[in-house]
Amino acid sequence: MGGDFLQERKKTSTHDFLPILYNCEKKITQAKKGTMVGSKFMNVATKLYEATGMQRWLPTKPQSEFMSKSRHDHVDGGYNMPNEPITIDQNYISWLKEHPSALTSFQRMINASKGKQIVVFLDYDGTLSPIVSDPERAFMTDQMRTAVGDVSNHFPTAIISGRSREKVFDFVKLKKVYYSGSHGMDTMGPAPKNVSYDNKYLHKISDNEGNDFVVFQPAQDFLSIIEKMLIEVKERTRNIKGVTIEDNRFCLSVHYRHVKDEDYGRVESEVESVLAKNPGFHVTKGNKVLEIRPCIGWNKGDALKYLLDTLGFHNSTSSSNHVFPLYIGDDTTDEDAFKVLREGGMEGYPIIVSSTPKETMALHSLRNPSEQWYINTKTITI
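Take a look at the structure:
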């Protein structure tokens, strides 16, 4: 490969999930001395790359290793190049030794997934869309939507979010994707045969094209209580400036991103007061949000297992050997899914999206570029 080029990258909130696939494809192509790999996975990698319009600087091996240990600092809206000063975060470097960048270890995934069915699981906020100040405006770009659509055309793909299932669908608008909302408590998956749907937790629905799906809602018994709690939480926090309450049907999200630091204690106290009267619920902490959830022993990890089961990959050793789940998420609630992939007897690829060191069950990591930026791109002659 030869020649330099500079392409201005328009505003987008796409994340490292997409360029990883492209980098992987590029490395294999280079290893083959320019011969394109014809596998379905590599074709999808190329489509993802083209669909997003995302270009990246393609490093040599030493430079790639350097970048994997360096901060992807955003300077003037762009990634630093290796010939520019890069601030080294020693804590992050140490953390990367335990959770190496998926950008530089993606070849390992390719090798591990050979001969297996790849199934893709994605969080929404912070993974497919940027974390934004107004949760109602966490839109994914058209480029990202096209890219996820390309993935779903080749691999079973599901989005597991803390938001309501309907809200995630409104954001994504892709029919071939399976959706699981409320941290897995409202899951729409394929309709398995010989299953009874005559109970309140499991029912069948059909879309306009006659495709059948099954909706599993294990927290149905809590709906009436959640509706009452929603009213009370709104009333208790209405005088705290900056609080936003989000109704996610089977759970409630109390956002405090715009709350003054000195007022956070009040928010937490009011939420705890509501929980004290409703012992069947608990609270988990996310990214500037308190999640009020029913205590039913069901989370994103359970939703992942449920979807694998309905997709035909039953929880058995023989089936697990033929499936390769890829899960990408950024929040604490994604840890339940990471744990399943680490301890569930199947080989998978849990990836955390984080720009700071944190405790995680994920094997690999990605940084999350949430700002608008331009990328200078240079091809390297091999």
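In this note's numbering, the protein residues as written are 407 to 788. Think of the CB as a built atom: it goes at the ideal place given N, C-alpha and C, for glycine as much as any other residue. Since the model is a prediction, treat every value here as computed from it, not as a measurement.
7 Å or more divides the Cβ of methionine 594 from the Cβ of phenylalanine 628. Straight-line spacing of the CA atoms in valine 578 and isoleucine 566 works out to 12 Å. Per the Cβ contact rule, the region 516-536 is in contact with the region 742-759 (3 or more Cβ pairs under 8 Å).
Around threonine 766, the same chain offers His505, Glu741, Phe744 and Ile758 as residues with beta carbons nearer than 7 Å, after the five sequence neighbours per side are excluded. Unbroken alpha helix (DSSP H) stretches of 4 residues or longer found wholly inside the region 622-697: 629-643 and 670-682, given in chain order. DSSP lists Leu772 as the beta-bridge partner residues of valine 759.
In the assembly as shown, asparagine 559 is an exposed residue. Its beta-carbon has fewer than 16 other beta-carbons within 10 Å.
In the DSSP assignment, lysine 610 falls within the unbroken beta strand (DSSP E) covering 608-612. Inclusion of phenylalanine 527 and tyrosine 733 in the CB contact set at 7 Å is warranted, their separation being smaller than that value. In the structure shown, the three-state DSSP call for tyrosine 584 is strand. Non-local beta-carbon contacts of asparagine 684 in its own chain, meaning distances under 8 Å to residues more than five positions away in sequence, involve Ile631 and Met635 in chain order. At the C-beta level, glycine 648 and valine 665 come within 7 Å of one another.
Contact between the region 701-709 and the region 668-680 is absent: fewer than three C-beta pairs spanning the two stretches fall below 8 Å. Counting only residues of its own chain and dropping the five nearest sequence neighbours on each side, valine 639 has a CB closer than 8 Å to the CB of Ile651, Leu658, Val660, Glu676, Val677, Val680 and Ile698. As computed with DSSP, phenylalanine 527 is found in a beta bridge with Ala564 and Tyr733. Judged by their CB atoms, threonine 643 and glycine 692 are not nearer to each other than the 7 Å cut-off. If you compare the alpha carbons of Ser612, Gly590 and Asp736 with that of cysteine 701, the shortest gap goes to Gly590.
Around the beta carbon of lysine 573, 16 or more other beta carbons sit within 10 angstroms, so the residue counts as buried.
Look at threonine 766 here: in three-state DSSP terms it is coil, with no helix or strand label.
For the 7 Å CB-CB criterion, phenylalanine 656 and aspartate 576 do not form a contact. Less than 7 Å divides the Cβ of serine 570 from the Cβ of asparagine 654.
Looking at the DSSP output, serine 535 bridges to Asp531.
By the beta-carbon neighbour count (other beta carbons within 10 angstroms, threshold 16), tyrosine 584 is buried.
A distance below 7 Å separates the beta carbons of leucine 772 and alanine 508. In this structure, the alpha-carbon of tyrosine 670 lies about 16 Å from that of glutamate 641. When DSSP states are grouped into helix, strand and coil, phenylalanine 619 belongs to the strand group.
The beta carbon of asparagine 497 sits closer than 6 Å to those of Pro763, all from its chain and outside the five residues before and after it, given in chain order.
Here DSSP, grouped into helix, strand and coil, assigns proline 700 to strand. Annotated three-state conformation of threonine 547 is coil, per DSSP.
Apart from sequence neighbours up to five positions away, the residues of its chain that approach methionine 515 with a beta-carbon distance below 7 Å are Tyr755, ordered along the chain. According to DSSP, residue pairing for proline 596 in a beta bridge involves Phe619. Of Thr690, Trp501 and Gly718, the smallest CA-CA separation from asparagine 705 is found for Thr690. Per DSSP, the unbroken alpha helix (DSSP H) holding arginine 748 starts and ends at 741-749. By the C-beta density criterion, glycine 735 is buried, having at least 16 other C-beta atoms within 10 angstroms. DSSP places lysine 520 in no alpha helix (DSSP H); its state is neither H nor E. No Cβ-Cβ contact shorter than 7 Å links valine 746 with glutamine 523.
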